[in-house]
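*Asks:*
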Amino acid sequence: MSTIQDKVVIITGASSGIGEAAAKELASKGAKLVLAARREDRLHKLQEEIERNGGKAIYKVTDVTSHDQMEELAEYALKEFGKIDVMVNNAGLMPLSPLHEKKIKEWDTMIDVNIKGVLYGIGAVLPSMRERKEGHIINVSSVAGHLIGPAGSVYSATKFAVRAITEGLRKEEYANNIRTTIISPGAIATELPETISGSELKSAIDDFYKIAIPAESIARHIVFAIEQPSDVAINEMIIRPTNQEL
Ligand code: NDP
Numbered sequence: 533m534s535t536i537q538d539k540v541v542i543i544t545g546a547s548s549g550i551g552e553a554a555a556k557e558l559a560s561k562g563a564k565l566v567l568a569a570r571r572e573d574r575l576h577k578l579q580e581e582i583e584r585n586g587g588k589a590i591y592k593v594t595d596v597t598s599h600d601q602m603e604e605l606a607e608y609a610l611k612e613f614g615k616i617d618v619m620v621n622n623a624g625l626m627p628l629s630p631l632h633e634k635k636i637k638e639w640d641t642m643i644d645v646n647i648k649g650v651l652y653g654i655g656a657v658l659p660s661m662r663e664r665k666e667g668h669i670i671n672v673s674s675v676a677g678h679l680i681g682p683a684g685s686v687y688s689a690t691k692f693a694v695r696a697i698t699e700g701l702r703k704e705e706y707a708n709n710i711r712t713t714i715i716s717p718g719a720i721a722t723e724l725p726e727t728i729s730g731s732e733l734k735s736a737i738d739d740f741y742k743i744a745i746p747a748e749s750i751a752r753h754i755v756f757a758i759e760q761p762s763d764v765a766i767n768e769m770i771i772r773p774t775n776q777e778l
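Quick note: the sequence shown uses my numbering, first residue 533, plus one each step.
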């Protein structure tokens, strides 16, 4: 039997891109999905598709920047399925811009979603995982969590933070049998570049994204990390298109 069968997996940012692809892949392997994002229509459609294909999924409209909503998401998973095996903190956005443009609102949103959202996700699932002495937290960083480019200062800062938080979490929780995984994708064909508000930069990024690989490429690696025997932790992965230099 697959080690994924009957695992309860929460995914944030499940309404599109990597989160959606991971949900489908995991459902096809027998996981019980708890889908979270803000766009209810997308979550509902995804739940229906998963169930049509014989999988199991529930959803809860959740804004990851709300600590209360993240706690409610974890409580909902526990109420419906009795445990949380895996938390995938995937929700994120990438409104790139040079610092001198002072797009303060975009800086704040990136920090709130990409950093605080991950922290709230960790905080929401840790108590029950520590109690069971079992669990797996997967946080989505980026190649930008390893490298910094112009217009990417704040985005990179958030993704460096995701790696720092995840490594700290590993040191704190390995003895409680809680696995941690950092996933750092390169260019993946999703809606992510849509959050870039500067038109020149957006077209440069669209150009760069011509090499992007499908979201399923990352979904397969989320599956790979989860399906390892419980004494094996895949702590970090970088997954790029073969022809990406950065
Ligand atoms: P998408 O834009 O397709 O997906 C982003 C997801 O995040 C959506 O489901 C969106 O749902 C959700 N989201 C955004 N804000 C919030 C919020 N406040 N609360 C809850 N959910 C939110 O992009 P990707 O699938 O590419 O992004 C997934 C992750 O992968 C991100 O962390 C991104 O930084 C990372 N990544 C992506 C790369 C790429 O090239 N695509 C490269 C490296 C990393 P909704 O709007 O419905 O709330």
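We treat Cβ as the ideally placed atom computed from N, Cα and C, and that holds for glycine. This structure is a prediction, so every number in the text was calculated from the model and none was measured.
Scan the segment 546 to 595 and note each continuous alpha helix (DSSP H) run of 4 residues or more that stays entirely inside, going in chain order.
*Replies:* Taking only runs of at least 4 residues, the alpha helix (DSSP H) segments lying wholly in the segment 546 to 595 are 549 to 560 and 572 to 584.
*Asks:* Assuming residue 539 contacts residue 566 under a Cβ cut-off of 8 Å, what Cβ separation, rounded to an integer in Å, is found between them?
*Replies:* At roughly 11 Å, the Cβ-Cβ gap does not stay under 8 Å, so residue 539 and residue 566 are not in contact.
*Asks:* In whole angstroms, what is the alpha-carbon distance linking residue 635 and residue 537?
*Replies:* Roughly 45 Å between the two C-alpha positions.
*Asks:* Going by the CB atoms, is the gap between residue 749 and residue 715 shorter than 8 Å?
*Replies:* It is not a contact, given that the beta carbons lie outside the stated cut-off.
*Asks:* Along the chain, where does the beta strand (DSSP E) that runs through residue 768 open and close?
*Replies:* Residues 768 to 771.
*Asks:* DSSP has residue 717 in a bridge; who is on the other side?
*Replies:* According to DSSP, residue 717 bridges with 771.
*Asks:* Assuming residue 554 and residue 543 form a contact by the criterion Cβ under 8 Å, report the distance between their Cβ atoms to the nearest whole angstrom.
*Replies:* Contact flag correct, Cβ pair sits at about 6 Å.
*Asks:* Shorter than 7 Å, the distance from the beta carbon of residue 775 to the closest heavy atom of ligand 1, or not?
*Replies:* Flag unset: Cβ of residue 775 not near ligand 1.
*Asks:* Three or more C-beta pairs under 8 Å: does that hold for the segment 667 to 675 against the segment 698 to 715?
*Replies:* Yes, the segment 667 to 675 is in contact with the segment 698 to 715.
*Asks:* Can you determine whether any heavy atom of ligand 1 sits closer than 7 Å to the C-beta of residue 626, and answer yes or no?
*Replies:* Yes, the beta carbon of residue 626 sits closer than 7 Å to at least one heavy atom of ligand 1.
*Asks:* Cβ-heavy atom distance between residue 723 and ligand 1 below 7 Å?
*Replies:* Yes, the Cβ of residue 723 comes within 7 Å of a heavy atom of ligand 1.
*Asks:* Under 8 Å between the Cβ atoms of residue 745 and residue 725?
*Replies:* Contact flag unset, no.
*Asks:* By DSSP's criteria, residue 746 is part of a beta bridge. Which residues make up the other side?
*Replies:* DSSP lists 721 as partners of residue 746.
*Asks:* Rounded to whole angstroms, what is the Cα-Cα separation between residue 735 and residue 617?
*Replies:* So the two alpha carbons sit approximately 40 Å from each other.
*Asks:* Sorry if obvious, but does the Cβ on residue 717 come closer than 7 Å to a heavy atom of ligand 1?
*Replies:* The answer is yes for residue 717.
*Asks:* Which residue spans inside the segment 629 to 706 form an unbroken beta strand (DSSP E) run of at least 3?
*Replies:* Taking only runs of at least 3 residues, the beta strand (DSSP E) segments lying wholly in the segment 629 to 706 are 667 to 672.
*Asks:* Run through the DSSP bridge pairs and tell me what residue 541 is partnered with.
*Replies:* Answer is 565 and 618, bridged to residue 541.
*Asks:* Can you tell which of 589, 535, 737 and 631 has the C-alpha that lies nearest to the C-alpha of residue 613?
*Replies:* When only C-alpha atoms are compared, the closest one is 589.
*Asks:* Sort 705, 663 and 622 by Cα distance to residue 653 and report the nearest one.
*Replies:* Residue 653 has its Cα closest to that of 622, out of 705, 663 and 622.
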